[in-house]
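Protein sequence lines, in the order shown, are assigned to chains A and B.
Our numbering puts the first sequence at residues 7 to 121.
Our numbering puts the second sequence at residues 222 to 336.
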Amino acid sequence: DTAVSQTPKYLVTQMGNDKSIKCEQNLGHDTMYWYKQDSKKFLKIMFSYNNKELIINETVPNRFSPKSPDKAHLNLHINSLELGDSAVYFCASSQGYGFVSDTQYFGPGTRLTVL
Amino acid sequence: AQKVTQAQTEISVVEKEDVTLDCVYETRDTTYYLFWYKQPPSGELVFLIRRNSFDEQNEISGRYSWNFQKSTSSFNFTITASQVVDSAVYFCALSCETSGSRLTFGEGTQLTVNP
């Protein structure tokens, strides 16, 4: 009955590798997000998609590329991983079209460690 | 630009004490929403409450209560008769009309409830 799920939960990899994190929601929501939580627990939005359309694209390196095959899935692909990419990445979803009133429901997070 | 400040980085209390977590926000928008999320040691982000800028009524849910005061731009969270299971990082967040569904998070408050 998991509402927003992410895989994997932990990801340990070497610098320079390419990796993907998958996210799926079964809430029937129209909008999905990626957030990054750094080592100081600070949360910042990275991307948002509504029904496969990119609606928020914050200033993140272009090594990060989101892909939404359908409105229930939003994956995050990261190329040429760097030490500074180590963080917890959260996927979230909300019902509306990215409205100010939308409540976002978060997945369990993926802890990425780059060695 | 919008901003959320949670000045209390860490709070430690003894079980059964009441504790208030402070949240101060900044925005020039007249329409905005405020949120509280809980991040327990297991790491997931759990939605607690959403409040819009036009509703200043206080809200109570069991041992949790929220006090929204537009005059001081504050949205404080009180836990009554705290329990060990309340130990977590608590985040206050803001979404504004001009920024759509982007959530701006505070830095979080680490609450530790000791037996």
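Every residue, glycine too, gets a C-beta built ideally from N, C-alpha and C.
Please read all numbers here as calculations on a predicted model, not as lab measurements.
Asked: Do Arg272(B) and Ile298(B) come within 8 Å of each other at the CB atom, strictly closer than that value?; Found: What sits at residue 298(B) in the sequence shown is Phe, not Ile. Contact: no.
Asked: Any idea what DSSP makes of Lys15(A), helix, strand or coil?; Found: coil
Asked: Whole angstroms are fine: how far does the CA of Ile27(A) sit from the CA of Thr13(A)?; Found: 6 Å
Asked: Do we get a CB-CB distance below 8 Å when we pair Ser233(B) with the residues of chain A?; Found: no
Asked: Do Phe326(B) and Leu82(A) have their C-beta atoms closer together than 8 Å?; Found: no
Asked: Do Asp239(B) and Arg301(B) come within 8 Å of each other at the CB atom, strictly closer than that value?; Found: A quick correction: the sequence has Thr, not Arg, at residue 301(B). Yes, they are a contact pair.
Asked: Quick one: Cα of Ile61(A) to Cα of Met38(A), how far?; Found: 10 Å
Asked: Given a cut-off of 8 Å on the beta-carbon distance, is the pair Asp36(A) and Asn56(A) in contact?; Found: yes
Asked: Measure the C-alpha to C-alpha separation of Lys25(A) and Pro67(A) and round it to an integer number of angstroms.; Found: 15 Å
Asked: Mind listing the chain B neighbours of Thr37(A)? Cutoff is C-beta to C-beta under 8 Å, in chain order.; Found: Ser322
Asked: Give the interface partners of Arg271(B) over in chain A, defined as CB-CB distance under 7 Å, in chain order.; Found: Thr109
Asked: Beta-carbon of Val106(A) versus every beta-carbon of chain B: anything under 8 Å?; Found: yes
Asked: So which residues of chain B does Pro114(A) contact, with C-beta pairs closer than 9 Å?; Found: Ser263, Gly264, Glu265 and Leu266
Asked: Rounded C-beta distance between Ser99(A) and Gln31(A)? I'm assuming under 8 Å.; Found: 4 Å
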